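Peer 1: Here's a structure for you.
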Amino acid sequence: MTTEVRTVGPGELNRYADGIRDVYASAFAAPPWNEDPAQADVYAERLARDALRPGFTAAVATDGGTVAGFATAWITPEAFPADRSYGQVAEALGAGRTRAWLCGALEVNELAVAPEAHGAGLGAALLEAVTGPAPGGRCWLLTSARAEAALRLYERTGWRRVDAPVPGKAALVVLLGPRHPGRAGAGSGR
1 MTTEVRTVGP
11 GELNRYADGI
21 RDVYASAFAA
31 PPWNEDPAQA
41 DVYAERLARD
51 ALRPGFTAAV
61 ATDGGTVAGF
71 ATAWITPEAF
81 PADRSYGQVA
91 EALGAGRTRA
101 WLCGALEVNE
111 LAVAPEAHGA
121 GLGAALLEAV
131 TGPAPGGRCW
141 LLTSARAEAA
151 LRLYERTGWR
161 RVDAPVPGKA
171 ALVVLLGPRH
181 PGRAGAGSGR
């Protein structure tokens with residue numbers, strides 16, 4: 001069968017909800033995430049709320065009707081949030097870079113590919129599907145420095161790490177997308 005990657009609107013997400021939940025559970029059970037499978041149910045509930053965010057976009061990869069991967073993104077508010085890890089990101093970047101690089105930019109929230117589908121280019125295709133329409137090429141994401149496979153994917157597809165360690169136990173790093181105008185000031189690209 002052929003795997004298809006397509007962008008889906010918030011109204012279509014419910015059609016893929018069970019598959020997205022299953023991919024989330026299998027993708028984030030492994031290190032460095034080590035999430036309990038019950039967290040996939042929490043994510044499924046959060047996804048329904050996230051779909052209401054301004055600029056929300058999602059992409060799914062399906063193989064014979066089975067979800068093999070997904071990605072979600074939305075526009076980061078002009079008033080940078082303080083919940084979740086946002087406060088730590090703002091602390092690491094400072095107010096000026098946070099406002100210039102992240103506010104109003106497309107933020108990739110989740111990207112997951114089922115372990116059995118790794119190596120087929122789905123991660124790159126899903127990432128392009130949700131970031132292609134980023135306003136002015138401005139897109140960013142946050143991941144763990146311990147997520148080595150994810151970091152290899154991002155860097156291979158042109159994303160650049162910001163040289164500003166995010167405080168906290170999660171060892172998070174900010175990456176700017178391949179067409180982001182702030183890349184020149186982001187650091188080494190390592």
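In this text, residue positions in the sequence shown follow the UniProt record's numbering: the first is 1, and each later residue adds one.
Glycine residues also receive a C-beta, built at the ideal position from the N, C-alpha and C atoms.
Source: prediction; values computed, not measured.
Going by DSSP in three states, residue 134 sits in which element: helix, strand or coil?
Peer 2: If you number the sequence shown from 1, residue 134 lands on position 134. Residue 134 falls in the coil class under three-state DSSP.
Peer 1: Under the assumption that residue 61 contacts residue 122 (Cβ atoms under 8 Å), give the Cβ distance between them as a whole number of angstroms.
Peer 2: The count along the sequence shown starts at 1 and reaches residue 61 at position 61. The count along the sequence shown starts at 1 and reaches residue 122 at position 122. Their Cβ separation, rounded to whole angstroms, is 5 Å, which keeps residue 61 and residue 122 in contact under 8 Å.
Peer 1: Using three-state DSSP, classify residue 52 as helix, strand or coil.
Peer 2: Within the sequence shown, the letter at position 52 stands for residue 52. In the structure shown, residue 52 sits in coil (DSSP, three-state: anything other than H, G, I, E or B).
Peer 1: Quick check on residue 138: buried or exposed, where buried means 16 or more other Cβ atoms within 10 Å of its Cβ?
Peer 2: If you number the sequence shown from 1, residue 138 lands on position 138. It is buried - the Cβ of residue 138 has at least 16 other Cβ atoms within 10 Å.
Peer 1: Assuming residue 94 is part of the alpha helix (DSSP H), what are its boundary residues?
Peer 2: Residue numbering aside, residue 94 sits at position 94 when the sequence shown is read from its first letter. Where residue 94 is concerned, the enclosing alpha helix (DSSP H) stretches over 86-97.
Peer 1: Extract the residue ranges of the alpha helix (DSSP H) inside the segment 140-171, only unbroken runs of 4 or more that lie entirely within it.
Peer 2: For the segment 140-171, whole alpha helix (DSSP H) runs of length 4 or above, ordered along the chain, are 148-156.
Peer 1: Grouping DSSP H, G and I as helix and E and B as strand, with all else coil, what is residue 12?
Peer 2: Within the sequence shown, residue 12 is the residue found at index 12, counting from 1. In this structure, residue 12 counts as helix in the three-state DSSP scheme.
Peer 1: Figure out for me which residue from 71, 158 and 85 has the closest Cα to the Cα of residue 17.
Peer 2: On the sequence shown, residue 17 is found 17 positions in, with the first residue counted as 1. When only C-alpha atoms are compared, the closest one is 71.
Peer 1: Report the residue from 48, 68, 133 and 41 whose alpha carbon sits nearest the alpha carbon of residue 115.
Peer 2: Residue mapping note: residue 115 aligns to position 115 of the sequence shown, counting from 1. Closest by alpha carbon: 68.
Peer 1: Could you pull out every residue in the same chain whose Cβ sits closer than 7 Å to the Cβ of residue 131, ignoring the five residues on either side in sequence?
Peer 2: By 1-based counting over the sequence shown, the position of residue 131 is 131. 73, 106, 108, 139 and 177.
Peer 1: Looking at the strands, I want to know which residues DSSP matches up with residue 33.
Peer 2: The sequence position of residue 33 within the sequence shown is 33, counting from 1. DSSP, once it has assigned bridges, lists no residue as partnering residue 33.
Peer 1: How would you write the range of the beta strand (DSSP E) that residue 70 sits in, first residue to last?
Peer 2: Position 70 of the sequence shown, counted from the first residue, corresponds to residue 70. Per DSSP, residue 70 belongs to the beta strand (DSSP E) from 66-75.
Peer 1: Considering just the uninterrupted stretch of the beta strand (DSSP E) at residue 78, what are its terminal residues?
Peer 2: Translated into positions along the sequence shown, residue 78 becomes position 78. Unbroken run through residue 78: none, as it is neither H nor E.
Peer 1: State the DSSP-derived secondary structure class of residue 187, mapped to helix, strand or coil.
Peer 2: Translated into positions along the sequence shown, residue 187 becomes position 187. Coil at residue 187, not helix or strand.
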